[in-house]
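Input: a single structure, listed below in structure tokens.
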Ligand SMILES: [Zn+2]
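In this note's numbering, the protein residues as written are 1 to 343.
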């Protein structure tokens, strides 16, 4: 797997054998299977007491690896929990395990991309390496591989270049690379809303889809990244998407975010549009205005809060996996291009 770039050097070996639903690659572990078979056969001989079984126990002196005549037959089965524990205690790989199991993260939705398994194996391996934080950044070279180099970022030159920095934290990359990824994911949501509201008949791949700045029909307007004037001047009046339904007197402000692991639980973005929501309600005399956060972390973690937003917008569940895949592919592309690696 390493030779064919499906498993990165120093990536988690434990994750190879964990089921995909908990964040692993779901391979069978041959050593475990073999030990299990041996334990089953041993039990069979030791628990039956016909003379032939007893004779076999006495005669077995290591011809086959059952070691029936030996006293100690302890066999510890590797369980799912023991593998999860093994993953969680690793100082580097365990960091992703820790954020995956935060209260606000939906583990099942976060592992959708692994369960669906539609990415190329090389890409899958590369994304797992990003999650495992074993991609060769300057920080990795200096502190993990002990090379005598500067750990500062190639691009901004001021901040430590760790994988989270490249994925979401670099000021030099933010206006081009991160914005492009953010817009790609927002386009998926916009296209679905446009379809659901009767603005579109045909779907195009999200990366080719160019949202109109405004779509309007039958009292419903959908704005894309457009500043909206209200009575007061508010700092944030340009939501990613605004669905203004004047017929039903309501509006939905969609706030997309693709943060890194560290910022995944920060909620300040959710409050960013509160003043705008109040103004909007007043200006258009609406009955309800909701701010709906849609948050998928740069390495694919899905926040539980996303489900509420999706349910409110009546978006199909399959869109979560599309958004997640678009995020992960964009992140992989950022890492490959910036660090000049083949994935
Ligand atoms: Zn930087």
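No residue lacks a Cβ here, since even glycine has one placed at the ideal position from N, Cα and C.
Item: With distances taken Cα to Cα, identify the nearest neighbour of residue 312 among 192, 123 and 252.; Value: 252
Item: Taking 7 Å as the line, does the beta carbon of residue 351 fall inside it for any heavy atom of ligand 1?; Value: Since the first and last residues shown for the chain are 1 and 343, residue 351 lies out of range.
Item: At a cut-off of 7 Å, would you count residue 156 as near ligand 1, judging by its Cβ distance to the nearest heavy atom?; Value: yes
Item: Mark residue 267 as exposed unless 16 or more other C-beta atoms lie within 10 angstroms of its C-beta, in which case mark it buried.; Value: Below a pLDDT of 50, predicted positions are generally treated as unreliable, and residue 267, at 48, falls in that range; no measurement from the model is reported.
Item: Taking the alpha-carbon positions, what's the residue 118 to residue 278 distance?; Value: 43 Å
Item: Report the option in 286, 194 and 135 whose CA atom is closest to the CA atom of residue 241.; Value: 194
Item: Using DSSP with H/G/I as helix, E/B as strand and the rest coil, what is residue 68?; Value: coil
Item: Closest by CA to residue 93, which one among 130, 107, 68 and 276?; Value: 130
Item: Would you mind stating whether residue 322 and residue 188 have Cβ atoms separated by less than 8 Å?; Value: yes
Item: Could you give the DSSP three-state label for residue 150: helix, strand or coil?; Value: coil
Item: If you draw a straight line from the alpha carbon of residue 2 to that of residue 135, how long is it in whole angstroms?; Value: 14 Å
Item: Is it true that the stretch 134-153 meets the stretch 331-340, where meeting means three or more beta-carbon pairs spaced less than 8 Å apart?; Value: yes
Item: Using only alpha-carbon positions, find the residue among 174, 24 and 95 that is nearest to residue 330.; Value: 174
Item: Who are the near neighbours of residue 344 in its chain, counting only those whose CB is closer than 7 Å to its CB and skipping five residues on each side?; Value: There is simply no residue 344 to check, as the chain begins at 1 and stops at 343 in what is shown.
Item: Is the stretch 36-50 close to the stretch 147-154, with three or more CB pairs under 8 Å?; Value: no
Item: Taking only runs of the alpha helix (DSSP H) that begin and end inside the stretch 254-335, which ones reach a length of at least 4 residues, in chain order?; Value: 268-272, 274-283 and 305-313
Item: Is the CB-CB distance between residue 169 and residue 6 below 8 Å?; Value: no
Item: Three-state secondary structure (DSSP) at residue 342?; Value: Because the pLDDT at residue 342 is just 37, under 50, the model does not fix this residue reliably, and the point stays unresolved.
Item: Would you mind sorting residue 31 into buried or exposed? The rule is 16 or more other CB atoms within 10 Å of its CB.; Value: exposed
Item: For residue 20, name the three-state secondary structure that DSSP assigns.; Value: helix
Item: How big is the Cα-Cα spacing for residue 165 and residue 183?; Value: 20 Å
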